[in-house]
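Peer 1: No gaps in the numbering here: position 160 of the sequence shown is 160 in UniProt numbering, and each next residue is one more.
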Amino acid sequence: MDAVPTASVLNKSGSGGSERSEDSGGIFEYFGWVYHLGINSIGHEYCHLRFLFIRGKSVAMYKRDPHENPGIKPIRQGVAGPTLMVEELGRRKVNNGDLYVLRFYNRLDETKKGEIACATAGEARGWIEAFDQAKQQAEHELSRGVSARDKLNMEAEINLEGHRHRVRRYAHGLRKLIRIGQGPETLLRQSSKLAARPDGFEGDSGDAVEAHQWKCVLTMAGI
């Protein structure tokens with residue numbers, strides 16, 4: 001598990017830098033550093049410092065502050081849909097420090113959506129408020145009769161559990177390489193069958209001798 005770094009305080013800004021009412025037309029933005037908790041592919045727990053950004057119903061997680069690094073891509077993103085639930089788990093010992101943990105899950109099937117942690121209980125409550133505001137924004141858009149495509153997009157809930165898509169694509173590519181790598185062995189076996197002769201000798205005169213035939217010749221010479 002990684003050492004626990006220092007997180008910053010949650011920031012909240014409304015449209016124009018001030019809070020807004022629900023019908024003012026502005027969109028709240030919440031952002032700040034959190035600890036992303038989880039278990040990696042080899043079963044080890046991790047605690048990574050990540051920058052969490054909520055705008056409207058959209059949620060994105062970055063390795064660095066996007067305000068200071070324009071153009072940086074999020075490592076995870078999705079929406080805080082109406083079925084996303086945030087549960088406060090209280091204080092937990094992580095390495096040599098105490099953190100306040102929030103758990104995400106789907107209300108319908110209780111599917112795990114990951115965990116984040118904050119340095120203080122106040123920050124944890126601030127993020128609960130932020131996700132609640134994002135869910136209200138999502139429900140408000142649904143109630144206004146958004147298009148079918150937008151409704152489908154609503155199903156792409158933020159998921160902080162498990163491996164990122166990049167890791168899965170990389171692993172999938174490895175499996176492809178393994179399958180491609182099996183080709184030569186298959187072709188060698190097929191060529192051996194095609195070159196076999198009824199008299200028990202394989203290959204035509206002048207053919208290159210395969211490796212297993214070299215071993216056989218050496219054994220016969222040794223006898």
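In this text, a Cβ means the ideal position worked out from N, Cα and C, and glycines have one as well.
Helix or strand or just coil, what does DSSP make of A60?
Peer 2: strand
Peer 1: Taking just the CA atoms, how far does I75 sit from I180?
Peer 2: Any reading at I180 needs caution, since the residue's pLDDT is 40, under 50, leaving its predicted position unreliable; the model's value is listed next. Roughly 30 Å separates the two Cα atoms.
Peer 1: Pick helix, strand or coil for R125, following the three-state DSSP scheme.
Peer 2: helix
Peer 1: Buried or exposed for N159, going by 16 or more other Cβ atoms inside 10 Å?
Peer 2: Classification for N159: buried.
Peer 1: Between which two residues does the beta strand (DSSP E) holding G32 run?
Peer 2: 29-39
Peer 1: Any chance you could list the beta strand (DSSP E) runs of at least 3 consecutive residues sitting entirely within the segment 37-113, in chain order?
Peer 2: 45-55, 58-62, 76-79, 84-94, 97-106
Peer 1: Taking the CB atoms as reference points, tell me whether G35 and A117 lie closer together than 9 Å.
Peer 2: First, the residue type needs correcting, since residue 35 is Tyr and not Gly in the sequence shown. Against a cut-off of 9 Å, the Cβ pair of A117 and Y35 comes out as a contact.
Peer 1: Does DSSP put E139 in a helix, a strand or coil?
Peer 2: helix
Peer 1: Using the DSSP secondary-structure output, state which residues sit across from I116 in a beta bridge.
Peer 2: H36, L102
Peer 1: Sort out for me which residues DSSP pairs E161 with in a bridge.
Peer 2: As DSSP reads the structure, E161 sits in no beta bridge.
Peer 1: DSSP three-state label for A134, please.
Peer 2: helix
Peer 1: Give the straight-line distance between the Cα atoms of A60 and G122, rounded to the nearest whole angstrom.
Peer 2: 21 Å
Peer 1: For a quick check, are the C-beta atoms of V94 and L37 less than 9 Å apart?
Peer 2: Cβ distance < 9 Å, so V94 and L37 count as in contact.
Peer 1: Buried or exposed: which applies to R50, given that a residue is buried once 16 or more other Cβ atoms fall within 10 Å of its Cβ?
Peer 2: buried
Peer 1: Tell me whether I54 is buried or exposed, calling it buried when 16 or more other Cβ atoms sit within 10 Å of its Cβ.
Peer 2: buried
Peer 1: I need the straight-line Cα distance from A138 to E110, nearest angstrom please.
Peer 2: 19 Å
Peer 1: Taking 6 Å as the limit between beta carbons, can you name the residues of its chain near I39, skipping five residues before and five after?
Peer 2: Answer for I39: E45, listed in chain order.
Peer 1: When the Cα atoms are used, what is the spatial distance from G71 to D132?
Peer 2: 27 Å
Peer 1: Check the C-beta distance from V79 over to F104 and give it rounded, since I have them as a contact under 8 Å.
Peer 2: At roughly 12 Å, the Cβ-Cβ gap does not stay under 8 Å, so V79 and F104 are not in contact.
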